[in-house]
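Read through the structure below, which is laid out as structure tokens, and then see the notes.
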Amino acid sequence: MDKLTIKYNELTAEEFILLWKSVWGNPPTLEQTRLALQHTLFRVSVYHREEIVAMARMLGDMGMNYYIKDVVVRPDWQKKGVGTLLINELLAFIRENGLEGTDIFVELCAMPDKIPFYEKLGFGANEAQRLKQTCRL
Ligand SMILES: CC(C)(COP(=O)(O)OP(=O)(O)OC[C@H]1O[C@@H](n2cnc3c(N)ncnc32)[C@H](O)[C@@H]1OP(=O)(O)O)[C@@H](O)C(=O)NCCC(=O)NCCS
28 MDKLTIKYNE
38 LTAEEFILLW
48 KSVWGNPPTL
58 EQTRLALQHT
68 LFRVSVYHRE
78 EIVAMARMLG
88 DMGMNYYIKD
98 VVVRPDWQKK
108 GVGTLLINEL
118 LAFIRENGLE
128 GTDIFVELCA
138 MPDKIPFYEK
148 LGFGANEAQR
158 LKQTCRL
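Numbering (my numbering), first residue to last: 28 to 164.
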């Protein structure tokens, strides 16, 4: 793999939207994204020659629970180990910041075709179902 640079808590709303559009299309607004990133516990972004190629972010309370969101590798960089790198960075943050001797729960929501990717990284499904509601403001 070419040399990549990893940055922590520097991901901008503009970069987030760029990557979102590269895989999911219609993105959230700039203002909404800025607010969300401002309240995100930990952000990881990956660059190749100053250009963003991947991101992931994590919500969490440091003591018991974390939630992984918006794991995106730009399509031309997929299947090169960058997704694995992102998740390992998030897990390293958890290990470095948690209390010794405690269990910490790390959750995420994955589409069925992405489950094998997460399984390789140690995640597994349990019997809980995801419940969801969208609040329109
Ligand atoms: C899912 C995603 C983050 C994976 O990133 P990636 O950089 O391609 O993954 P890696 O190269 O680190 O892959 C690690 C392993 O998972 C496998 N893998 C990756 N994506 C996979 C998929 N969709 N289905 C099955 N296996 C997959 C790889 O083949 C590799 O296996 P190996 O170690 O046996 O070679 C990336 O495809 C992506 O950004 N997709 C679009 C956005 C998205 O859906 N994000 C997830 C939200 S839940």
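For each residue, glycine too, the CB sits at the ideal point set by N, CA and C. Computed from a predicted structure; not experimentally measured.
(message) For a quick check, are the C-beta atoms of leucine 38 and leucine 112 less than 9 Å apart?
(response) A distance of 9 Å or more separates the beta carbons of leucine 38 and leucine 112.
(message) Tell me whether the region 55-72 and the region 81-90 touch, counting them as touching only if at least three CB pairs, one residue from each stretch, are closer than 8 Å.
(response) Proximity of the region 55-72 to the region 81-90 meets the contact definition, three or more beta-carbon pairs being nearer than 8 Å.
(request) Sort Gly90, Lys106, Val98 by Cα distance to alanine 137 and report the nearest one. (result) Nearest option by C-alpha distance: Val98.
(message) Residues around ligand 3, please: the ones whose beta-carbon is closer than 6 Å to some heavy atom of it, in chain order.
(response) This structure lacks ligand 3; its bound ligands are ligand 1.
(request) Please go through the region 53-137 and give each complete beta strand (DSSP E) segment of 3 or more residues, from N-terminal end onward. (result) DSSP runs (the beta strand (DSSP E)) wholly in the region 53-137: 69-75, 78-87, 92-100, 132-134.
(message) So for lysine 30, helix, strand or coil by DSSP?
(response) Of the three classes helix, strand and coil, the one that applies to lysine 30 here is coil, per DSSP.
(request) Check each candidate in Asn36, Gly90, Val50 and name the one with the smallest Cα separation from isoleucine 131. (result) Checking every option, the nearest Cα to that of isoleucine 131 belongs to Gly90.
(message) Report the CB separation of arginine 70 from asparagine 36 in whole angstroms; it is logged as a contact under 8 Å.
(response) Confirmed, Cβ separation roughly 5 Å.
(request) Return the first residue and the last residue of the alpha helix (DSSP H) that proline 143 is part of. (result) Per DSSP, the unbroken alpha helix (DSSP H) holding proline 143 starts and ends at 142-146.
(request) Would you mind sorting valine 73 into buried or exposed? The rule is 16 or more other CB atoms within 10 Å of its CB. (result) Buried.
(message) At the level of alpha carbons, what is the spacing between leucine 126 and isoleucine 95?
(response) Approximately 19 Å between the Cα atoms of the pair.
(request) With a 10 Å radius around its C-beta and 16 neighbouring C-beta atoms as the bar for buried, classify alanine 119 as buried or exposed. (result) Its Cβ having fewer than 16 others within 10 Å, alanine 119 is exposed.
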